[in-house]
Every structure is written in structure tokens, then in C-alpha cells.
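This report concerns only the one structure given below.
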Amino acid sequence: MHWISITVYNFAISLYGLIARVASLFSLKARLWAVGRAKTEKRIRNFHVTASKNRVWFHCSSLGEFEQAQPLIEKVKNELEDCVIYLSFFSPSGYEQVKKKEVADFIFYLPIDTQKNAAFLVEHLQPTLVFWTKYDFFYHHLNALKEQKTPLVLYSARFLSNQIFFKPWGYLHREMLQTFTRIFVQDENSKTLLNEITISSDIAADTRFDRVVKLANTEFKDEIVEQFIQQEKYIWIAGSTWEKDEEILAEAFSTKENFKLIIAPHQIDKPHLDSIENHFKNHYLEVAFYTEFKAEDVSKKILVIDNIGMLSKLYRYAKICYVGGGFGAGIHNVLEAVVYGKPVVFGTHYHKSLESVILLKNSIAFSISNSKELLQTESDLNNENKLQSIENTALKYIKNNSGGTNKIFNYAKRFCK
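Numbering that gives the first Met the number 0 applies: residue 0 is where the sequence shown begins, and numbers increase by one.
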């Protein structure tokens, strides 16, 4: 049974790599994935591994998981004196945005998961402690770390009953879970599911709570945004939007008068920015762009943030926040808005986001499926007493779920020197 599972797994990994290389001829993301990995082995060989006592490796699938890793990376940097930090990514959307930041000593693509690649990576980097973020389970990489008796901590994890770990044929994936020295899950349901397959775990809040608290406590002012807002009190900020989100926003706000809408789209390539402008022009709304902002643009109702890195700080200016992605693969980070005590509106695909489900139950967040529902939600929230109640509940929720970073690090530091 085991060898059959391994054979099928190896075939699937090889097939995935082949498909990615073929797709690289047509897709920029696939090209970045394939070309990045083609250079990874050479980069690893050329990287000089120091004699540091602590060589700590963080693995993240993409940018969202990096947001979870950030508080732990900062904690490790602050608490450990003699330390080298490695940071790996599976997806280009994480690697490409982080590769030039000084967050780690060595940032790289995780090599495709073969026994040879995994053994080479672990042997060369010689990590003394590994933090695996949320998911991205790769048999050979995890097994290579286990064979070297490297402490391996899975954190901010969340499990659902329909996942392969809990299916009769999920033997290999259950074996992957057994490679972890300790597993920290986000909720009681995940802990119960793991108990049912005899895997022990501890509950620690999602480390993103600690990250957003730090962001909210960091002073921030933006002259262009404040010039655009002027005296308008009814400010919507829409973050990480996709085309469907933008269609709904344009249709809804075409009927409004006293408002300002700031949009920070998920992608800022020219075709997408042109698409945003056209959606609003079709509803007779003029758009200003942040990087081209002029004094006369203050009369416009829509400001598009056409750069990266501002969104998490911008939410503080909002009366109401809209978080995109809820009409695609899933909504983006709602905590970045909630940490300021703001009500959050998003689409219908929110069920994979634990915090979104909780926020909906507590009437801090609101799900909509079209522009009519967005306008109804906007009308319902046009009440200062209600907004104050939401703010109080939201801030209490953030406070009650902070501290996961310390709990995880306090366990892991026993493996540090």
C-alpha cells in the first residue's frame, strides 16, 4: 500500500512539473515558477551556509502564508542572536513580491518535491529548526527533515473534514502529518479532526492577528489620500479587488452621491487598471490614479491605488471596508480591515476563511452577491450607533485572538541555542 501511494505521488509531482513547464510557454506565472526552479539548485549551491548556531527555515506557499510567517520571523530575529533565516516559497506570487525584501538571509523557491531534491536541500542548508506555514505538504521534503531529526513545527494550520487526510485513501498524507514535531492549529474543529486520526495538536491563534495589530499601531499618514478624501466622511476602501468585485462596486456606487471610494486592486498591471477605469466610466464615474494624482483630481469620486504595499495601512481611513476575492478562489485578508474596528463587506466565497465565518456570525462582516445587496448593506450600516457597536466587537475579537506568535515561539525556542 505504501509503495503504491509513493509511486502515485511521484507520478503526480512529475506530471505537475511537466504541465508547469508547458504552461510556461503561455503563462507568465507558470514561467516564473519554472524558470525560478531551474535556477534554484545553483542558487542553493552558491549560498554560503554559515556556522550560526541557529539556522531557521520558514516555508510559505504564497504571499498570504508569508503574512502569517512575518510575526514569527520578526520574533526569531529579535530573540535569537546567532541566527540565519531561510525563507522558501512554492508560488511566484509570494516569491516575486518578497525576494528583494530584507526579511531573510536566503529567499528561494522550494525545489520540486523529489527525494533527490529534498535530500540535497536539507543536506546543504542544514536547518536546525523549521517552521511550516499552514499547509503545502510535500512528502519528500518533510521526510528528509524527519530523517535528519530536524525539529519541524506546523503552525496556523486549519483542517476540514473533506480533506484527503481524513479519507480512507489518505495514508500518505497522514504520514506527512506524523513528520511534524508539533502542530499548532487555529481552531477546536481542526484539533478534533486530527485527534480522530491519532495526531496530537495544540491550538494557537492565527499569527496574522499579531501582524495586523502591529500594523494598526504603526503611525501612518498619506498626503495624497488625505487630499483626495478632503472633508468627505463617507469613505469606502476596497482592497484586493478582482474584476467581478469592481463590476459590483461600479454598479452600486453609480447611484450614490456623497462618498469617496478608494480601490487597491489585487493586480496592478495596465490591462487590469484600464478595466477598472472602464467599469466606472460606463457608469459615468471618473477615476483618479494614485501615481498620477493631480490637484484637480480631488473632485473625482474614485481613487485607484496603482502601487503595492499601502493597503493594510489605508483601511484606517475607511468608514466601511470591502475585501475582494469573494467571487473567485476566496476572499483576501479581512483582518487587515477589522483591526481598525471597521465593518467588512465581501462576496459569497468565504467559507474557507475561518475568521470570515466568525466575523459574519458576530455581525462584523457582511456577505453580498450583487450590487443591490451591497447597497442594502450600505444602508443598514448608515448608523453611527451600529458602527460603534461593530467597532467595539471587532476590537474585542482581535484582542482575544492575539498572542499566537508568542505561544508558538515559546514552544519552538527549546530547539534553539
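Ideal Cβ placement from N, Cα and C applies to all residues, glycine included.
With residue i and residue j assumed to form a contact (beta carbons below 8 Å), what rounded beta-carbon distance in angstroms separates them?
{"i": "residue 61", "j": "residue 93", "result": "4 Å"}
{"i": "residue 323", "j": "residue 271", "result": "At roughly 12 Å, the Cβ-Cβ gap does not stay under 8 Å, so residue 323 and residue 271 are not in contact."}
{"i": "residue 412", "j": "residue 78", "result": "7 Å"}
{"i": "residue 164", "j": "residue 153", "result": "Wrong, their Cβ atoms sit about 12 Å apart, outside the cutoff."}
{"i": "residue 228", "j": "residue 316", "result": "6 Å"}
{"i": "residue 299", "j": "residue 329", "result": "With a Cβ gap of about 31 Å, residue 299 and residue 329 do not count as contacting."}
{"i": "residue 267", "j": "residue 337", "result": "So it is not a contact: roughly 24 Å between Cβ atoms."}
{"i": "residue 238", "j": "residue 320", "result": "7 Å"}
So, with DSSP's three-state summary, where would you put residue i?
{"i": "residue 2", "result": "helix"}
{"i": "residue 120", "result": "helix"}
{"i": "residue 201", "result": "strand"}
{"i": "residue 378", "result": "helix"}
{"i": "residue 301", "result": "strand"}
{"i": "residue 264", "result": "strand"}
{"i": "residue 111", "result": "coil"}
{"i": "residue 106", "result": "strand"}
{"i": "residue 79", "result": "coil"}
{"i": "residue 370", "result": "helix"}
{"i": "residue 92", "result": "helix"}
{"i": "residue 87", "result": "strand"}
{"i": "residue 196", "result": "coil"}
{"i": "residue 157", "result": "coil"}
{"i": "residue 284", "result": "coil"}
{"i": "residue 414", "result": "helix"}
{"i": "residue 10", "result": "helix"}
{"i": "residue 292", "result": "coil"}
{"i": "residue 130", "result": "strand"}
{"i": "residue 208", "result": "helix"}
{"i": "residue 219", "result": "coil"}
Taking residue i as the reference, which of the options has the closest Cα?
{"i": "residue 378", "options": "357, 258, 298 and 410", "result": "258"}
{"i": "residue 130", "options": "33, 88 and 251", "result": "88"}
{"i": "residue 106", "options": "72, 118, 122 and 139", "result": "72"}
{"i": "residue 134", "options": "52, 14 and 189", "result": "189"}
{"i": "residue 206", "options": "1, 3, 170 and 407", "result": "407"}
{"i": "residue 282", "options": "247, 296, 305 and 290", "result": "247"}
{"i": "residue 66", "options": "20, 37, 118 and 213", "result": "213"}
{"i": "residue 33", "options": "90, 302 and 3", "result": "90"}
{"i": "residue 108", "options": "1, 301, 290 and 35", "result": "35"}
{"i": "residue 4", "options": "122, 173 and 64", "result": "173"}
{"i": "residue 388", "options": "40, 1 and 362", "result": "362"}
{"i": "residue 262", "options": "253, 234 and 255", "result": "234"}
{"i": "residue 58", "options": "120, 167 and 369", "result": "120"}
{"i": "residue 171", "options": "236, 9, 221 and 308", "result": "9"}
{"i": "residue 69", "options": "101, 26 and 342", "result": "101"}
{"i": "residue 370", "options": "254, 215 and 52", "result": "254"}
{"i": "residue 405", "options": "161, 269 and 74", "result": "74"}
{"i": "residue 64", "options": "332, 382, 359 and 409", "result": "332"}
{"i": "residue 1", "options": "45, 169, 284 and 308", "result": "169"}
{"i": "residue 44", "options": "218, 110 and 23", "result": "110"}
{"i": "residue 196", "options": "218, 221, 166 and 18", "result": "166"}
Under 8 Å Cβ to Cβ from residue i, same chain only, skipping five residues before and after it: list those, please.
{"i": "residue 325", "result": "244, 345, 346, 347, 348, 349 and 366"}
{"i": "residue 126", "result": "54, 55, 56, 85, 144 and 149"}
{"i": "residue 232", "result": "318"}
{"i": "residue 186", "result": "157, 202 and 353"}
{"i": "residue 112", "result": "12, 137, 138, 139 and 140"}
{"i": "residue 401", "result": "204, 208, 209 and 212"}
{"i": "residue 37", "result": "none"}
{"i": "residue 292", "result": "223, 226, 227 and 302"}
{"i": "residue 103", "result": "57, 72, 84, 85 and 86"}
{"i": "residue 385", "result": "379"}
Cutting at 7 Å between CB atoms, please list the residues of its own chain near residue i, excluding the five before and the five after it.
{"i": "residue 394", "result": "340"}
{"i": "residue 178", "result": "141, 142, 144, 145 and 151"}
{"i": "residue 334", "result": "207, 208, 211 and 354"}
{"i": "residue 289", "result": "223, 302, 303, 304, 305 and 306"}
{"i": "residue 373", "result": "247, 251, 344 and 367"}
{"i": "residue 98", "result": "106"}
{"i": "residue 147", "result": "121"}
{"i": "residue 416", "result": "52 and 53"}
Considering only residues of the same chain and omitting the five flanking positions on each side of residue i, which have a CB-CB separation below 6 Å?
{"i": "residue 276", "result": "286"}
{"i": "residue 200", "result": "182, 184, 190 and 193"}
{"i": "residue 313", "result": "236"}
{"i": "residue 327", "result": "241"}
In chain order, what are the residue ranges of uninterrupted alpha helix (DSSP H) at least 4 long that sit wholly in the region 306-368?
310-313, 334-337 and 353-360
Identify every run of the beta strand (DSSP E) within the region 19-74, keeping only runs that are complete inside it and at least 3 residues long; order them along the chain.
53-59
What are the start and end residues of each continuous alpha helix (DSSP H) run of 4 or more residues lying completely inside the region 230-282, in chain order?
242-252 and 269-280
Which full runs of the beta strand (DSSP E) of 3+ residues lie inside the region 132-181, going along the chain?
151-156
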